[in-house]
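FYI, my numbering numbers position 52 of the sequence shown as 53, with every residue one higher than the one before it.
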Amino acid sequence: MPYQPIESLSESMQNDLSKILCILKRYDVAKVSLYGSVARGDYKDDSDLDICIEGLRDDNFFIALAECLMASDHSVSITDFKNTFGYFRERILKEGKIIYEQN
Numbered sequence: 002m003p004y005q006p007i008e009s010l011s012e013s014m015q016n017d018l019s020k021i022l023c024i025l026k027r028y029d030v031a032k033v034s035l036y037g038s039v040a041r042g043d044y045k046d047d048s049d050l051d052i053c054i055e056g057l058r059d060d061n062f063f064i065a066l067a068e069c070l071m072a073s074d075h076s077v078s079i080t081d082f083k084n085t086f087g088y089f090r091e092r093i094l095k096e097g098k099i100i101y102e103q104n
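Here it is as C-alpha cells:
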C-alpha cells in the first residue's frame, strides 16, 4: 500500500512523513502507522510525529531512527509495535492510522 496522505496535515508534516517513509521502506518495514495528536487531527505546529513501525530488524532500529530524526523538521518518535504493551498498545491500535503496509 503506497503512502496515503492525511488531508488534515500541514504541507511540512506531509513532506516530513514522506521523507520518513522513504527511509523506513529502505529498511524493509512491513507496516507504518501514525498515532497521537497528528493522527487524531488535534495537533499543533510544534507537535511531534508519533510513528509506530512493524517488521524492522532490531539491528537496524537505531540507524533508521537516526536517519528519520535528521530528515525531519519536526520531532519524531518511533516505536516498534512489538515493544508496546497495555494501554499504550491499545492506544496505538485504537487511534493509529496505517500510512504504509507492505503487500
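Glycine included, each C-beta is placed from N, C-alpha and C at the ideal position.
Given the structure is predicted, the values throughout are model-derived calculations rather than measurements.
Status (buried if at least 16 other CB within 10 Å, exposed otherwise) for residue i
{"i": "D51", "result": "buried"}
{"i": "D59", "result": "exposed"}
{"i": "M14", "result": "buried"}
Backbone CA spacing between residue i and residue j [nearest angstrom]
{"i": "K20", "j": "Y28", "result": "13 Å"}
{"i": "F89", "j": "V39", "result": "16 Å"}
{"i": "A72", "j": "C23", "result": "10 Å"}
{"i": "A31", "j": "I99", "result": "11 Å"}
{"i": "R92", "j": "D81", "result": "14 Å"}
{"i": "G56", "j": "K83", "result": "9 Å"}
{"i": "S11", "j": "G87", "result": "31 Å"}
DSSP-derived helix/strand/coil call for residue i
{"i": "R41", "result": "helix"}
{"i": "Y36", "result": "strand"}
{"i": "Y101", "result": "strand"}
{"i": "S13", "result": "helix"}
Same chain, Cβ closer than 7 Å to residue i, five either side skipped, listed in chain order
{"i": "I79", "result": "I52, I54, L66 and C69"}
{"i": "P3", "result": "Low confidence applies here, because P3 scores a pLDDT of 49, under 50, leaving its location unreliable; read the following figure in that light. Counting only Cβ-Cβ distances below 7 Å, and skipping sequence neighbours, we find nothing."}
{"i": "G42", "result": "S9"}
Proximal residues to residue i (C-beta, below 8 Å), its chain only, five neighbours per side dropped
{"i": "G97", "result": "S34, L35, Y36, A40 and C53"}
{"i": "E102", "result": "M2, A31, K32 and V33"}
{"i": "N61", "result": "Y28"}
Beta-bridge pairing of residue i - partner residues as DSSP gives them
{"i": "L50", "result": "V77"}
{"i": "E55", "result": "K32"}
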